[in-house]
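Numbered according to this note's numbering, the sequence shown terminates at residue 474, and the numbering increases by one at each position without gaps. The C-beta atom is built at its ideal place from N, Cα and C for all residues, glycine as well. On a predicted model such as this, the values are computed, not experimentally measured, just so you know.
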Amino acid sequence: LIQLEEPVRVRGDVSSQFLTALLMALPLTRSTKPIQITVVGELISKPYIDITLNLLQHFGVAVKNDAWQTFTIPPLAPGMISPYVSPGDYWVEGDASSASYFLAAGALGGGPLTLRGVGRDSIQGDMAFAKALSMMGANITQGNDWIEVRGIDHPDGQLQGIDLDCTAIPDAAMTLAVLGLFASGKTRLTGIASWKVKETDRILAMQTELRKFGALVESGDDFIVVQAPTEWQSPVAGVDTYDDHRMAMCFSLAAFGPLPVLINDPDCVGKTFPNYFSEFLALIGQSPTLEQ
């Protein structure tokens, strides 16, 4: 048994992943006293913490959340060997972050495209991407565990730029940035400071690669603004992916543009979605050149 006499302090303004790790690991100390976690700074990506708290609840650990600043893990109950209790059967949702690329494809390609395994009842914050896509003009309907996209429901048949705080959906926000290549007007995304501490500096990487297509791009420590190219260009040396799976998956959507697209190091998607490109190509019926 491990007894923690003082609260555990963790920064919340860089990534929610540190807090998630503590929430999952600290119950295993089997402490006979409550354990308190104190968040230092403003907690970002709160929906991801919601997922963690939801799952902990299902497995018998009811964590008290006090205004996103203090989290209290209950002590091990007398007679219990482990704080975790199997719920028996548990249905695992599809991955909403990965779903964003296919939802975007359903808008750009005209659809209809139906995804099953995520929908209205999803516990994942990245499902807010569907609302953002709808704001851009996509025709979207949802059921409890499915979502369908039927092209673009806007009079001019084109996606529309949006101004959106993406603090809650930093991963799916990358897909919105690439959709800016196809949107009328500016797409301004804020609340993305966490992009700078991911697999690569995603703000700089996104700006660099979008400009290869002729897009007008501005960026800062916490925002990016994308305006579609007046004349579409095809990156001669290809789109660099920076060993970042999400860069590769996001820029696959450029295949809906008027020119061929070369994606460098596509195997980097192996981190989360090894067969992404085979699934994507089967869906859209196109074959962008993949550079190994």
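Query                                                                                                              : Result
Which listed residue (Tyr424, Ala278, Ser401 and Leu205) has its alpha carbon closest to that of Pro242            : The sequence given here has Gly at residue 242, not Pro. Of the listed residues, the one whose Cα sits closest to Gly242 is Leu205.
Touching by the beta-carbon criterion (3+ pairs, under 8 Å), the stretch 292-299 and the stretch 251-260           : no
At least three beta-carbon pairs within less than 8 Å, the stretch 407-415 to the stretch 386-398                  : yes
Any 3 or more C-beta pairs closer than 8 Å across the stretch 258-266 and the stretch 433-440                      : no
From Leu285, Asn457 and Val222, residue whose alpha carbon lies closest to that of Leu315                          : Leu285
Pair within 8 Å by beta-carbon distance, Ser401 and Gln409                                                         : no
Coarse secondary structure for Lys215, derived from DSSP in three states                                           : coil
Exposure of Arg428, with buried meaning 16 or more beta-carbon neighbours within 10 Å                              : buried
Close-in-space but distant-in-sequence residues of the same chain around Cys450 (CB under 6 Å, 5 per side omitted) : Thr423, Asp425, His427 and Ala430
Whole-Å CB distance - Met317 paired with Ile344, under 8 Å assumed                                                 : 5 Å
Beta-carbon proximity check, Pro269 vs Arg212, cutoff 8 Å                                                          : no
Inter-residue Cα distance where the pair is Leu208 and Ile217                                                      : 8 Å
Per-residue burial, Phe200 [other beta carbons within 10 Å of its own, 16 or more giving buried]                   : exposed
Buried/exposed call for Tyr458, threshold 16 Cβ in 10 Å                                                            : buried
For Ala350 and Thr369, the rounded distance between their alpha carbons                                            : 17 Å
Glu391 to Lys215 span [Cα, whole Å]                                                                                : 51 Å
CB of Leu341 within 8 Å of CB of Ala359, strictly                                                                  : no
Rounded distance between the beta-carbons of Leu363 and Gly439, thought under 8 Å                                  : 7 Å
Classification of Gln306 by the beta-carbon crowding that lies within 10 angstroms, buried from 16 upward          : buried
Assigned secondary structure, Trp377 (DSSP; H/G/I helix, E/B strand, else coil)                                    : helix
CB contact below 8 Å: Lys380 versus chain B                                                                        : Judged by its chain identifiers, the structure shown contains no chain B, having just a single protein chain.
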